[in-house]
Structures are given as C-alpha cells and as structure tokens.
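**Q** Residue numbers (this note's numbering): 15 to 243.
All C-beta atoms in this analysis are idealised placements derived from N, C-alpha and C, irrespective of residue type, glycine included.
My questions all concern the structure below.
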Amino acid sequence: MAIFVLIPGAGADPRVYGATVESLHGLGHDAIAPPLPLHDERAGPSAHADAVATVVPRTGEIVVVAQSLGAFAGPLVAARVPVAQLILLAPMIPKPGESAGEWWENTRHEEAIAEVLERHGPMGTWGPEAMADVFLHDVDPRVIEENERYAGAPGGGMFTEPWPLDAWPEVPTRVLAPREDRLFPLEFQRRIARERLGVEVDEMAGGHLPMLSRPGELAERLVELGAVG
Numbered sequence: 015m016a017i018f019v020l021i022p023g024a025g026a027d028p029r030v031y032g033a034t035v036e037s038l039h040g041l042g043h044d045a046i047a048p049p050l051p052l053h054d055e056r057a058g059p060s061a062h063a064d065a066v067a068t069v070v071p072r073t074g075e076i077v078v079v080a081q082s083l084g085a086f087a088g089p090l091v092a093a094r095v096p097v098a099q100l101i102l103l104a105p106m107i108p109k110p111g112e113s114a115g116e117w118w119e120n121t122r123h124e125e126a127i128a129e130v131l132e133r134h135g136p137m138g139t140w141g142p143e144a145m146a147d148v149f150l151h152d153v154d155p156r157v158i159e160e161n162e163r164y165a166g167a168p169g170g171g172m173f174t175e176p177w178p179l180d181a182w183p184e185v186p187t188r189v190l191a192p193r194e195d196r197l198f199p200l201e202f203q204r205r206i207a208r209e210r211l212g213v214e215v216d217e218m219a220g221g222h223l224p225m226l227s228r229p230g231e232l233a234e235r236l237v238e239l240g241a242v243g
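See the structure below:
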C-alpha cells in the first residue's frame, strides 16, 4: 500500500482532491491532501513544503503528487522527507534559482498558448468566462459548483521566492500531462520535461484539473505511475 500526498495548484484548497482521495482509497491505498498556508500572502513554495512535510508519515511508501504551481513545492517536500516517488501533474517544472513569476517568460509560455491569448487576451486580464474556458472546459457543472468554495488566488510569495534547491532531488520523478490542457498544452509540457528533467511525459485524458474532471481515472494513473501494487 502506498501513501499518496496530494498538493494542488495555484491558490486551490487541497480539498479539491476529495474525490481523488476516495478513489485512491477504493484502490487500496492511503491518500492525504495536507492543509497549506493559503491565507499567508508571504508564504512561498518553501512554506508550503514545510506545511506538507510536517504531516507526511515517516514510514511507508510515500508518493508525492504536485499539480501545476504545486510543482514548485513538491520537490522541496521530497528533499525534506523520504519519498519513494514524485509525480508532477500538469506541472510548472522549476529550475534552481527561478521564481514562479519568472517561469512564464523563461519557458516561453506565451508562444505555447498563442491561440488562447488571441481569444481571451493577456492572462492577467482573464475574467470568469476565460477562466472557465481554459481551466474548467471538461468539468461537470455540478462539480464546479461543489468545489467553487475551494478556489482561490495564490499569495505573492508563491511567485517571488526563488526555487531554493541547487539540483533536482534524487527521487524517481514522473510527469503526467493531460492531453486537453489548455493552459499547458501537451507539446509545451513535452518540451519543458525534456529540457528541465530529461524525461518524457506520461499522458492522460482531460484538461488542467483532472482531480475535478476525472478523479477516478487520475487515481488509477497515479497508482500506475507510482509503480505500486
């Protein structure tokens, strides 16, 4: 049995993983989505990693799953506590010394979503319609309503803190990229995973938030990629 530790993306309450946690339990594994310091504007990836590391069991086969902006914190958890596997889901893959605010230009992200920007304008101007089109296009309206209270905006510290590690932690790492992700398109993720980690991505169906659109399938893929029985 593995213990999956689930970290969400920008500003999201970890409870967005609720259905995925249930699915992992149904597959015979344990899963936790630790609380994060979401109300601390200054809290950066290090503070988020500290919050997660304090509740991660020190025994068992730990698989850390970090989604989107959470990928800045996930490797820091793996550097703090013994981890068997790190799975990056629709991730922003950091490099040493880089802040999440710098990541967008460094990865040439605007080139990758040119069509989306043409349709909706610059990311900083996106309203509810654009956000729904990019993030929620494959999520059932009832699920959106049920999880609306868990949405939020990340604090500034998440974007200003330079990623503190000198190198990627020595832990097996997989990248899971949803094929219909409109924020981080598949070809973009393939390029970044190769450039920064030297790995090929694994794929699944769905958009940027598979924990909402296909939690059961996500749980199955996590168990498969975590190489646990």
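At the level of alpha carbons, what is the spacing between G111 and P71?
**A** So the two alpha carbons sit approximately 29 Å from each other.
**Q** Only counting the same chain, and skipping five residues up and downstream in sequence, which positions put a Cβ closer than 6 Å to that of A16?
**A** Taken in chain order, the residues that qualify are H43, E75, V77, G240, V242.
**Q** From A65 to A47, what distance separates their C-alpha atoms?
**A** Those two C-alpha atoms are separated by around 11 Å.
**Q** E160 by DSSP, collapsed to three states: which one?
**A** Helix at E160.
**Q** Between A167 and G115, what straight-line distance do the alpha-carbon atoms span, to the nearest angstrom?
**A** Rounded to the nearest angstrom, the two C-alpha atoms are 14 Å apart.
**Q** Is the region 89-97 touching the region 179-192, taking contact as three or more C-beta pairs under 8 Å?
**A** Flag = yes, the region 89-97 and the region 179-192 touch.
**Q** V35 to N161, Cα distance in whole Å?
**A** Computed Cα separation, rounded: 15 Å.
**Q** With respect to the beta strand (DSSP E) encompassing R94, which residues constitute its N-terminal and C-terminal limits?
**A** It is not in any beta strand (DSSP E) - R94 instead sits in the alpha helix (DSSP H) that spans 88-94.
**Q** Which partner residues of M218 appear in the DSSP bridge assignment?
**A** Answer by DSSP bridge pairing, in chain order: P192.
**Q** Run through the DSSP bridge pairs and tell me what V69 is partnered with.
**A** Its beta-bridge partners do not exist; DSSP assigns none.
**Q** In three-state DSSP terms, what is T187?
**A** Residue state, collapsed to three classes: strand.
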